[in-house]
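Worksheet for the structure shown next.
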Amino acid sequence: MFTGIVEELGEVVGLTDTGGDSAVLAVRGPLVTSDARHGDSISVNGVCLTVIDNVDGVFTADVMGETLRRSSLGALEEGSPVNLERAAALGSRLGGHLVQGHVDGVATIVAREPGADWEVVRFSLPASLARYVVEKGSITVDGVSLTVMAVDDETFSVGLIPTTSKLTVLGGKDVGDPVNLEVDVIAKYVEKMIGARNV
């Protein structure tokens with residue numbers, strides 16, 4: 001479980017195809033690896049990955065084909081910056097919202113509208129996720145907990161403050177770039193429970 005508050009901008013140092021339907025991802029992140037052990041969870045651009053090993057500030061993780069197909073991790077290459085967050089610790093502050101690190105879909109950046117103090121960024125909204133995205137609700141974009149400013153049937157917008165632009169990969173992404181989306185899991189549970197009652 002994560003909070004969507006990015007701790008560090010890491011760097012991909014390798015994405016190795018293992019010859020099957022998987023790959024091994026190697027990421028440099030001195031902060032998140034400072035206490036990382038085998039089996040720990042680290043969110044990479046919003047995808048929960050399990051640490052295989054951690055050597056000199058670089059951790060490796062297995063990435064199965066399902067994850068490569070359903071997220072933007074397969075498009076990473078050596079030198080790509082990535083958002084990193086360690087799993088939340090019980091008893092600590094919850095700065096963002098409850099994030100599982102389970103990507104629901106991939107969107108693209110549709111527009112960026114810079115302002116004097118912050119920027120509005122608009123993303124495509126996959127039809128299968130539209131019912132879970134509401135104005136002023138929470139959404140995770142590349143592992144960043146954000147508040148939805150506006151939403152319609154095909155897009156949604158968020159506001160990026162300078163800190164978010166500077167300290168996450170979202171500041172350097174261009175129109176057309178892919179991003180990982182995770183909708184609020186509570187909405188999915190509510191939908192399932194209401195559906196079960198109406199059967």
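Residue numbering for the sequence shown follows the UniProt record's numbering, starting at 1 and increasing by one per position.
Just so it is clear, CB atoms sit at the ideal spot from N, CA and C, and this is done for glycine as well.
Small disclaimer: the values here were computed from a predicted structure and weren't measured.
Quiz item: Closest to N45 by CA distance: which of L68, G39 and D53 is it?
Solution: Closest option to N45, Cα to Cα, is L68.
Quiz item: What residues in its chain sit with their C-beta under 8 Å from that of E135, if we drop five residues either side in the sequence?
Solution: Only residues of its own chain outside the window of five on either side were considered, and among them V148, M149, A150 and V151 have a CB closer than 8 Å to the CB of E135, listed in chain order.
Quiz item: Apart from the five residues on each side of it in sequence, which residues of its chain come closer than 8 Å, Cβ to Cβ, to V103?
Solution: Counting only Cβ-Cβ distances below 8 Å, and skipping sequence neighbours, we find G46, V47, T67, R70, S71, N180, L181 and E182.
Practice problem: Taking 8 Å as the threshold, find out whether the stretch 151–162 comes into contact with the stretch 107–125 through three or more Cβ pairs. | Solution: Yes: at least three Cβ pairs fall under 8 Å.
Quiz item: According to the neighbour-count rule (16 or more other Cβ atoms, all chains shown, within 10 Å of its Cβ), is G101 buried or exposed?
Solution: Buried, since its Cβ has 16 or more Cβ neighbours within 10 Å.
Practice problem: Would you identify the three-state DSSP class for L129, choosing helix, strand or coil? | Solution: Note: L129 maps to helix in three-state DSSP.
Practice problem: Output yes or no for whether 9 Å exceeds the beta carbon distance between V27 and E11. | Solution: Taking 9 Å as the Cβ cut-off, V27 and E11 qualify as a contacting pair.
Exercise. Could you round the C-beta distance between D40 and A87 to whole angstroms and report it? I think they count as a contact, below 8 Å.
Key: For a cut-off of 8 Å, the C-beta gap from D40 to A87 is around 7 Å, short enough to register as a contact.
Quiz prompt | Given T18 as reference, the closest of K173, V63, S43 and L98 once Cα atoms are compared | solution = Nearest C-alpha to T18: V63.
Quiz item: Hey, how far is the Cα of A130 from the Cα of E154?
Solution: Rounded to whole angstroms, A130 to E154 spans 8 Å at the Cα level.
Quiz item: Roughly how many whole angstroms lie between the Cα atoms of L84 and E191?
Solution: L84 and E191 have their C-alpha atoms roughly 30 Å apart.
Practice problem: Check each candidate in L76, G65 and P30 and name the one with the smallest Cα separation from V55. | Solution: Of the candidates L76, G65 and P30, P30 places its Cα closest to the Cα of V55.
Exercise. Quickly, what does DSSP pair D17 with across the bridge? List them, please.
Key: DSSP, once it has assigned bridges, lists A23 as partnering D17.
Exercise. Starting from R122, follow the beta strand (DSSP E) in both directions and report where the run begins and ends.
Key: Residues E119 to S124.
Quiz item: To which residues does DSSP link R28 through a beta bridge?
Solution: Under the DSSP definition of a beta bridge, R28 partners with E11 and V58.
Self-check item: Enclosing alpha helix (DSSP H) for G65 [first to last residue]
Solution: Note, G65: alpha helix (DSSP H), G65 to R70.
Quiz item: Taking C-beta to C-beta, are I5 and G137 nearer than 9 Å?
Solution: It is not a contact, given that the beta carbons lie outside the stated cut-off.
Quiz item: Would you report the Cα separation of G176 and T108, rounded to the nearest angstrom?
Solution: C-alpha separation (whole angstroms): 5 Å.
Quiz item: Just curious, the alpha helix (DSSP H) that T163 is in, first and last residue?
Solution: Looking at the DSSP string, the run of the alpha helix (DSSP H) that includes T163 is P162 to L167.
Quiz prompt | Start-to-end residues for the beta strand (DSSP E) that takes in S145 | solution = V144 to V151 is the span of the beta strand (DSSP E), which, as asked, contains S145.
Quiz item: Where I139 and D21 are concerned, what is the direct C-alpha to C-alpha distance, given to the nearest angstrom?
Solution: I139 and D21 have their C-alpha atoms roughly 29 Å apart.
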